[in-house]
Amino acid sequence: MVRVLCVAEKPSISKAITGILSGGQFTTRNTGSNFIKNYDFDYPRTNARFTVTCVAGHLTERRFDDAHNKWHSCDPFALFEAPIVTTIPNDKKAIETNLRSEARNAQTLMIWTDCDREGEHIGMEIVQVCRRSNPQIVVKRARFSAIIAAQIHNAAQNPVELDRAQADAVEARTILDLRLGAAFSRLQTFNLQARFPQQIQELVSYGPCQFPTLGFVVARYEQVQAFVPEPFWYIYMSLTRPLSSDEGDEVVEFTWKRGNIFEHGVAFVIYEGVMRDPLARVTKVTRKETKKWCPLPLTTVELQKSGNRLLRLAPKKILDIAEKLYQEGFLSYPRTETDQFDPQFDFQSLIAKQTADPAWGAFATRLQGDGFQAPRKGKNNDNAHPPIHPTAYAGQLVGDEKRVYEFITRRFLACCSKDAEGWMTIIDVVAGGEDLNSQCFVSLGLVVLERNYLEVYTYDKWTGKTVPEFEEGDEFMPTVCELKEGRTTSPSLLTEADLVGLMDKNGIGTDATIAQHIQTIIDRKYVMARNEGATKYLVPSTLGIGLVEGYNKIGFERSLSKPQLRRETERMMVQVCQGQRTKGEMLAESIEKYQDVYVRARGQFNQIYEVCSS
DNA sequence: GCAAGGTC
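For the first sequence, counting from 1, position 482 maps to 482 in full-length UniProt numbering; every step adds exactly one.
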């Protein structure tokens with residue numbers, strides 16, 4: 001029998017594929033690593049003996065050689081071309097040992113890492129380690145897009161090859177980020193510490209993700225600073241009339257369809273025209289069904305955005321809690337870009353686990369009947385992990401863990417239910433006569449008929465508004481018809497949720513790292529959190545503003561604090577993946593560009609000092 | 001004392 005060594009990217013995957021391929025009949029061995037087990041079983045479909053194990057993310061690390069690793073060993077500019085060595089860090093040595101000894105006993109190595117760029121690269125790292133103990137080992141790659149029995153069996157029986165181009169793209173980015181990070185971090189730190197020895201003792205780091213992140217915070221701050229409120233005018237119209245049923249009056253408000261007018265003279269002339277014949281006539285009454293859609297399945301970025309907004313927790317904190325709940329078996333894998341469930345996904349067994357809860361159990365029970373509807377499908381699929389969902393009932397949690405679990409569970413149940421349904425009434429009105437003076441107004445009413453998902457997803461609000469009773473042709477004299485003045489309001493400073501959204505939209509960081517980059521710019525004192533009421537806003541420090549403003553003077557396309565340069569790196573990685581460029585070409589071109597940026601940046605420090613001393 | 005990306 002052929003002996004096959006299967007290596008997954010993380011413990012949860014090795015356990016899951018073992019469960020599926022072995023049909024539950026397997027033996028477990030410990031390894032030198034606390035959290036990694038080796039599983040053995042026969043796989044008769046390919047007449048093989050399987051051992052399944054895993055790594056924990058990347059196996060190797062890169063650093064500069066000894067001649068350049070020390071901070072004052074060289075001019076930072078030399079780091080663009082200094083030799084780089086690859087090592088296995090100490091906390092990964094036990095994993096390496098396990099792979100080497102398992103590979104010795106196997107004829108075939110089957111890579112089961114996630115099917116993305118990083119997964120191909122981790123796969124290559126695994127291959128290199130295994131070949132050192134077994135140079136003859138045959139390498140295969142299992143290709144799967146979800147942990148579903150049929151797919152996993154298919155992957156085991158029809159393996160493909162590792163994709164070297166994808167691994168190369170990751171390698172190029174790794175090297176580039178190390179060179180840039182080190183060169184610019186040392187440049188910034190040396191210069192600023194020398195100029196402000198009293199104020200700046202700590203590291204002034206640069207990173208191709210942390211700087212665009214900082215850039216967003218500074219850009220919004222400057223918009224707020226530069227904001228000047230502008231007055232505008234609009235016609236306000238309302239009708240107060242006695243209610244037909246009980247005592248009291250109702251006030252029906254009408255919105256002017258022209259919106260806001262920024263010139264007082266123009267607004268006043270229109271208003272005078274209306275006042276010559278203010279009798280209002282109902283031109284149309286529309287009554288129609290309307291819906292409020294239930295939410296999409298939950299991705300990591302969405303979890304962090306909504307969690308920050310609704311639970312008021314830092315994105316990093318939310319991800320840490322989700323990670324812990326995942327380790328404890330309560331949640332599915334918390335780092336996913338996927339907002340669509342696989343058609344074969346087993347919703348009912350997961351819903352059944354929630355029926356015991358005192359708060360949402362009754363709702364879950366209804367989803368076991370005709371309350372259920374298959375979730376909407378979003379546009380994203382990382383082909384590795386399903387949307388975040390509860391995998392077991394957790395009744396004992398307290399504090400923030402309870403709140404995060406509750407949010408994820410309510411969100412999952414809401415996804416599996418029907419849209420809220422309502423009845424909307426639109427009253428169109430014209431006032432000011434029938435000639436050029438006439439102006440259009442509108443009033444909206446809403447009756448919520450079926451709350452459906454809203455009953456469990458208590459974070460969404462959808463409230464009814466009394467429907468005014470009008471018929472086409474009705475006429476009335478408005479109780480109030482006046483020209484009102486308003487003022488434009490300043491944009492808000494960024495919240496963490498806003499920043500997560502901007503980073504996601506601009507491709508800065510990944511689902512797993514976005515929260516870390518935000519934490520980094522706070523730790524480095526480029527940004528502070530300011531509480532206003534219950535909301536936390538991000539405010540840049542003088543140092544943060546100085547760095548961004550200084551670099552922005554280099555020009556938009558090359559500024560280190562704009563998303564463009566990172567987008568370019570990302571674009572080149574895609575080209576390497578598609579074979580349109582080699583790893584070497586990507587590196588050479590990027591390094592040359594950043595050397596140019598470096599020289600320009602070095603010339604900006606007087607500007608940066610100036611802002612920082614103000 | 002430098003990065004970003006995986007993951008524990």
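Glycine included, C-beta positions come from ideal geometry on N, C-alpha and C. A quick note: this is a predicted structure, and the numbers were derived from the prediction, not measured.
Candidates the options: which alpha carbon is nearest residue i's?
i, options, result
"L178", "S613, Y594, S614, V611", "Y594"
"D596", "R558, V574, Y609", "R558"
"Q327", "M1, S12, L5", "S12"
"K288", "N260, I426, Q396, L109", "I426"
"V218", "G584, S561, R571", "S561"
"V500", "G307, R571, E568, P540", "G307"
"N260", "R276, Y236, P278, V282", "Y236"
"L99", "P76, H68, R131, T113", "R131"
"V160", "W112, G579, A150", "W112"
"F77", "Q188, I137, I95", "Q188"
"E475", "T60, A497, G433, D42", "G433"
"T458", "T51, E406, M124", "E406"
"D504", "E532, F216, R45", "F216"
Buried or exposed for residue i, going by 16 or more other Cβ atoms inside 10 Å?
i, result
"V548", "buried"
"E485", "exposed"
"V576", "buried"
"F254", "buried"
"F341", "buried"
"D382", "buried"
"Q199", "exposed"
"Q439", "buried"
"T18", "buried"
"H385", "buried"
"G473", "exposed"
"M110", "buried"
"R571", "exposed"
"F211", "buried"
Can you tell me where the beta strand (DSSP E) with residue i in it begins and where it stops?
i, result
"A431", "420-431"
"N531", "527-532"
"I388", "Element bounds for I388: n/a, residue is neither H nor E."
"D249", "249-256"
"R241", "231-242"
"C294", "Taken as a continuous stretch (DSSP letters only), C294 belongs to no beta strand (DSSP E), as it is neither H nor E."
"V442", "439-450"
Distance check for residue j and residue i, CA to CA, integer angstroms please.
i, j, result
"K536", "L436", "49 Å"
"W233", "V251", "22 Å"
"F345", "W360", "21 Å"
"F268", "L483", "7 Å"
"G248", "T240", "10 Å"
"residue 616", "I521", "Any answer about residue 616 is impossible in this case: the structure gives the chain only from 1 up to 614."
"G544", "Y526", "4 Å"
"P563", "L494", "17 Å"
"Q607", "F347", "58 Å"
"T300", "K379", "14 Å"
"S332", "G546", "42 Å"
"S613", "L192", "11 Å"
"D523", "V282", "60 Å"
"S73", "T87", "21 Å"
"G32", "S101", "11 Å"
"I20", "I126", "23 Å"
"V55", "T463", "50 Å"
"V448", "A420", "8 Å"
"E118", "R173", "11 Å"
"R309", "A374", "26 Å"
"L587", "L176", "7 Å"
"D339", "W71", "44 Å"
"Y551", "R186", "16 Å"
Hey, quick one: how far does the alpha helix (DSSP H) through residue i stretch, first residue to last?
i, result
"Y551", "542-552"
"R600", "583-602"
"residue 663", "In this structure the chain extends from 1 to 614, so residue 663 is not present and cannot be described."
"A515", "514-523"
"R567", "564-577"
"F412", "399-415"
"E266", "Residue identity differs from the one stated: residue 266 is Val in this sequence, not Glu. That run of the alpha helix (DSSP H) goes 264-276."
"M503", "496-506"
"E323", "315-327"
"A364", "361-367"
Relative to the ligand FAD, is the shortest distance from any of its heavy atoms to the C-beta of residue i smaller than 7 Å?
i, result
"N34", "This structure simply doesn't include the ligand FAD, nor any ligand for that matter."
Which ranges does the alpha helix (DSSP H) cover as unbroken runs of at least 4 residues, wholly within the region 134-214, from first to last along the chain? You should have 149-157, 164-195.
Segments assigned alpha helix (DSSP H), at least 4 residues, entirely inside the UniProt domain "Toprim" (3-145): Runs of alpha helix (DSSP H) with 4 or more residues, each lying fully within the UniProt domain "Toprim" (3-145), are found at 11-22, 66-69, 93-104, 117-133, listed in chain order.
For the region 452-491, which segments carrying the beta strand (DSSP E) assignment without a break, of at least 3 residues, lie completely within its bounds, in sequence order? Counting whole runs of 3 or more residues, the region 452-491 contains the beta strand (DSSP E) stretches 480-487.
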